[in-house]
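Structure first, then comments.
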Amino acid sequence: MKMSLLFLIMSFSIAVNAVLSQELIPAGKIIDALKEKNCEKAYKMLGRIDDLDYKDKAGGTMLMYSSVNGCTGVASWLMDRGARIDLKSNEGFTALHMASRNGHSEIVKALLMKGAKVDELNITRSTALYMASQQGHTTIIELLIENGAQIDFKSNGEFTALFIASQYGKADAVKYLTEKGASVDIPTNRGATPLFIASSLGYPEIVAVLLEKDADIEAKTRRGATPLFVSSQDGRYEIVKLLLEHGADVKMKTNDGLSPLLAASIRGHAEIVRLLLDNGADVNQKTNQGTTSLMIASANGHTDVVKVLLDKGADTSLKNESGKSATEVAANDEIRNLISRISKL
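For the sequence shown, counting from 1, position 184 maps to 225 in my numbering; every step adds exactly one.
Now the structure itself:
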């Protein structure tokens, strides 16, 4: 009897010592493993964690870092044991923000099933949908919208998910967002629409999608620039052609009197100059200061543009408000001689 009691006491003591020997692991060590993208190492330490919601100096939790790096097993373990899913880092990011931005759809799905706030904002007032759209993560965009994300919310106070997807050239995201009813004409604070930014940056596939959804082809920025103007200015030949085929106004002017033709002439885009003229642009159209495309191209040394303009009948006798002609402002003798030969015909 005494031996049995002694055996029980010794067994209990051994068990207690075994438990005590498994010291709690500081959450910071697990965060370090997650930062190194060592999901397996982090997972093995979870059973002895000391604080589910510990934050590091950046305000990041284990759930956030597992969401950043796609450590699905770690994230699931933490959520199943009650980790707080809507905590924010110092910059206002939640785990949902991080998983959405980095394309980890399984973690996004798990967070949403646990009730994550779908439209939570970080310090720049950006949502998870904005971040997924910026990166073109269509599966995550779908998950967020299905769970109530506001499709036309203006992150940062001015950018919709559709705008940011258009800006970053994410054609599949643009298609999905428009199919789900995203408004195609919501402008930024400066008046730029998704069509404008896609036209400027050279994404013809996105321009085509937006035009199919009846985007306003003549929508103007605060400066008075249209998609045709900016694509002509930035040398986007394919987009200029597409916009003209859809009836864009080739003779429009910005607030300071610049037309698509004048803008293309300034930048030296000879083929776009030809395309605009072939579609009804006025070869002698002037700026508010009386400057023609020929004067601009001549002054900037754009010989190829000068040749196109002369071929299309540009008037060499016109003068700007300073009383100077294209010949007089020519950047070099080659251009000066070109214009002079035409003038003598």
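For every residue, glycine included, the Cβ atom is placed at its ideal position computed from N, Cα and C.
Alpha carbon of residue i to alpha carbon of residue j, nearest angstrom
i, j, result
"Ser240", "His310", "16 Å"
"Ser62", "Lys150", "Because the pLDDT at Ser62 is just 43, under 50, the model does not fix this residue reliably, and the value given afterwards should be weighed accordingly. Whole-angstrom Cα-Cα distance: 38 Å."
"Val346", "Ile376", "10 Å"
"Ser76", "Phe237", "In the sequence on display, residue 76 carries Lys and not Ser. In a straight line, the C-alpha of Lys76 is about 39 Å away from that of Phe237."
"His145", "Asp255", "33 Å"
"Gly114", "Thr135", "18 Å"
"Gly88", "Asn79", "16 Å"
"Gly189", "Ser207", "22 Å"
"Ser339", "Gln330", "16 Å"
"Glu199", "Thr328", "31 Å"
"Ala289", "Met154", "46 Å"
"Leu335", "Ser272", "20 Å"
"Asp323", "Gly232", "26 Å"
"Ile3", "Arg315", "Within the shown structure, residues of the chain are numbered from 42 to 386, placing residue 3 beyond reach of any answer."
For residue i, the residue or residues it bridges with in DSSP
i, result
"Ile90", "Ile66"
"Lys327", "Thr333"
"Lys360", "Ser366"
"Ser196", "Phe200"
Contact under 9 Å by Cβ, residue i with residue j
i, j, result
"Asp160", "Leu170", "yes"
"Thr295", "Phe270", "yes"
"Glu126", "Ala173", "Note on identity: in this sequence residue 126 is Ile, with Glu being the wrong assignment. No. Outside cutoff."
"Thr168", "Phe194", "yes"
"Asn143", "Ser108", "yes"
"Ile247", "Tyr278", "no"
"Tyr217", "Thr179", "yes"
"Leu252", "Leu302", "no"
"Arg264", "Asp297", "yes"
"Ala214", "Ala202", "yes"
Contacting residues, own chain, Cβ-Cβ under 7 Å from residue i (five flanking each side not counted)
i, result
"Gln274", "Ala304, Ala305 and Arg308"
"Ile383", "Leu351 and Thr357"
"Ser130", "Ala99, Gly100, Gly101 and Met105"
"Pro67", "Asp91"
"Cys112", "Leu75, Cys80 and Ala83"
"Ala140", "Ser108, Ile148, Val149 and Leu152"
"Asn373", "Gly342"
Spatial neighbours of residue i in its chain, beta-carbon cut-off 8 Å, leaving aside the 5 residues before and after
i, result
"Ala124", "Leu93, Asp94, Thr102, Met103 and Leu104"
"Asp97", "Gly69 and Ile72"
"Leu379", "Thr344, Val347, Lys348 and Leu351"
"His287", "Leu252 and Ile258"
Proximal residues to residue i (C-beta, below 6 Å), its chain only, five neighbours per side dropped
i, result
"Asn325", "Thr333 and Asp356"
"Leu285", "Asn320"
CB contact check: residue i to chain C, cutoff 9 Å
i, result
"Cys80", "The structure shown has no chain C; it contains just one protein chain."
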